[in-house]
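Visitor: Residue numbers (the working numbering): 34 to 454.
(1) Tell me the residue span of the beta strand (DSSP E) that contains residue 415.
(2) First and last residue of the alpha helix (DSSP H) that includes residue 197?
(3) Rounded C-beta distance between residue 444 and residue 430? I'm assuming under 8 Å.
(4) Can the beta-carbon of residue 303 be found closer than 8 Å to that of residue 297?
(5) Which residues does DSSP pair with residue 437 in a beta bridge?
(6) Hey, how far is the Cα of residue 435 from the Cα of residue 351?
(7) In terms of alpha-carbon separation, which member of 51, 245, 116 and 334 lies closest to residue 84?
(8) On a Cα-Cα basis, can you pick out the residue from 141, 188, 166 and 148 that is closest to residue 158?
(9) Below 7 Å CB to CB, which residues in the same chain sit around residue 286 once its five sequence neighbours on both sides are set aside?
(10) Answer with buried or exposed for residue 399, where buried requires no fewer than 16 other C-beta atoms within 10 angstroms of its C-beta.
(11) Give the DSSP bridge partners of residue 91, in chain order.
(12) Out of 228, 138 and 119, state which residue places its alpha-carbon closest to the alpha-carbon of residue 39.
(13) Quick check on DSSP: helix, strand or coil for residue 251?
(14) Buried or exposed for residue 261, please, with buried defined as at least 16 other CB atoms from any protein chain shown within 10 angstroms of its CB.
(15) Extract the residue ranges of the beta strand (DSSP E) inside the stretch 248–295, only unbroken runs of 3 or more that lie entirely within it.
(16) Tell me whether the stretch 229–237 and the stretch 40–51 touch, counting them as touching only if at least three CB pairs, one residue from each stretch, are closer than 8 Å.
(17) Decide if residue 42 is buried, meaning its Cβ has at least 16 other Cβ atoms within 10 Å, or exposed.
(18) Flag this pair as touching only if the stretch 179–193 and the stretch 246–257 have three or more C-beta atom pairs under 8 Å; answer yes or no.
(19) Are the Cβ atoms of residue 105 and residue 66 separated by less than 8 Å?
(20) Where residue 100 and residue 216 are concerned, what is the direct C-alpha to C-alpha distance, given to the nearest angstrom?
(21) For the stretch 196–214 against the stretch 150–168, do three or more pairs of beta-carbon atoms, one drawn from each stretch, fall closer than 8 Å, so that the two count as touching?
(22) Excluding sequence positions up to five away, which residues of its chain have a Cβ less than 6 Å from the Cβ of residue 283?
(23) Determine the contact status of residue 201 and residue 136, defining contact as a CB-CB distance below 8 Å.
(24) Have a look at residue 311 and residue 448 and give me their C-alpha separation to the nearest angstrom.
(25) Answer with buried or exposed for residue 273, where buried requires no fewer than 16 other C-beta atoms within 10 angstroms of its C-beta.
(26) Who are the Cβ neighbours of residue 450 in its own chain at under 7 Å, not counting the five residues just before and after it?
(27) Would you mind stating whether residue 119 and residue 214 have Cβ atoms separated by less than 8 Å?
(28) Who does residue 309 pair with in a DSSP beta bridge?
Shown next, in the form of structure tokens:
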């Protein structure tokens with residue numbers, strides 16, 4: 034099988050490429066250049082995509098004895114990942130650029146180019162598993178025989194699992210993906226495999242930061258692109274308690290960097306509970322206002338065989354709203370395209386009450402008339418256990434059952450939980 038190995042210059046992708054070679058595949062390595070201004074991508078930091086990373090990838094390919102190329106995907110990266118990052122923050126939402134990079138770059142631009150060049154699959158260093166199994170045919174199958182389903186599952190390495198950021202690629206594109214590291218239980222094992230093969234990246238530090246944000250300064254990056262927009266920070270009663278240089282730089286759940294003029298009367302910490310881009314206002318309040326128990330998702334996708342084997346309406350699952358967050362029990366259902374009123378009949382939350390009200394809407398997705406309209410197909414989620422804190426429009430929500438990914442959506446709205454359940 035002809036396999037294109039995406040090589041970032043890190044230890045994970047190098048070992049993934051090595052395993053693909055040792056499995057007998059015809060492997061070609063490729064490094065994605067994601068910025069024409071390579072100085073924008075940090076050198077010597079814990080990010081990725083620097084000039085040094087490209088050199089590390091080339092040296093790994095040389096050790097493995099495989100052809101190596103650099104593909105310029107910088108224009109596509111700027112027009113999709115970076116543009117989405119800016120527009121989402123500007124709309125008062127909380128984007129995840131790693132999710133968008135997987136959606137638009139690794140499993141769209143890269144995969145499409147690989148397919149056009151005759152490659153059968155793309156191998157990456159992600160920690161996740163593709164499980165293939167046979168399932169009974171549905172009543173619509175022409176031959177009535179079993180069919181093959183490829184499922185996305187968590188990695189056994191919980192600390193490194195990346196199924197959350199991969200789910201957005203969807204079943205069709207992931208059917209052409211290979212994750213050779215899927216069965217590894219720890220990063221130490223991967224490093225040992227790299228050292229055994231003489232790969233110089235075996236001790237290279239992991240990358241954590243957003244690759245295009247210098248020194249991890251998200252606020253500085255946003256201000257350099259969007260400019261200064263002074264505005265007010267108010268409490269849930271509307272009293273001005275501080276000032277800011279741009280509401281776009283804040284996200285629901287944030288505590289640090291608020292620069293409040295005075296402490297709360299009760300002495301408790303305050304968090305961002307709402308971002309209102311239409312008025313350039315940031316609303317702060319106590320921690321309990323961050324708890325939500327209902328979520329409406331937009332742009333939902335479902336993995337093969339999930340819905341056809343579920344009864345109409347709700348089904349039990351677990352949901353996760355952060356890359357390294359814990360999954361929580363929930364009831365989930367697929368609905369039509371418009372999520373603007375999703376859950377409102379159940380929650381009594383038809384259209385954004387006061388920021389502190391139980392059942393009120395967490396803003397930032399058009400609830401105040403300022404954000405982007407929700408787009409379908411849609412997903413509704415009711416949490417059946419402890420409410421989640423700090424769920425923000427724009428985040429990715431992934432539905433699981435055990436280790437298996439069932440579906441994914443982007444948070445459009447979230448409803449605040451009652452103080453007592």
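Just so you know, even glycine gets a beta-carbon here, dropped at the ideal spot from N, CA and C.
Please read these numbers as outputs of a predicted model, since none were measured by experiment.
Guide: Let's see:
(1) 411–416
(2) 196–199
(3) 5 Å
(4) yes
(5) 186 and 434
(6) 8 Å
(7) 245
(8) 188
(9) 304, 305, 323, 422, 423 and 425
(10) With a pLDDT of 39 at residue 399, under the threshold of 50, the modelled position of that residue is not reliable, and no figure is offered here.
(11) For residue 91, which the question treats as bridged, DSSP gives no partner whatsoever.
(12) 138
(13) helix
(14) exposed
(15) 264–268 and 273–277
(16) yes
(17) buried
(18) no
(19) yes
(20) 26 Å
(21) yes
(22) 305, 308 and 315
(23) yes
(24) 20 Å
(25) exposed
(26) 324, 325, 326 and 420
(27) no
(28) 314
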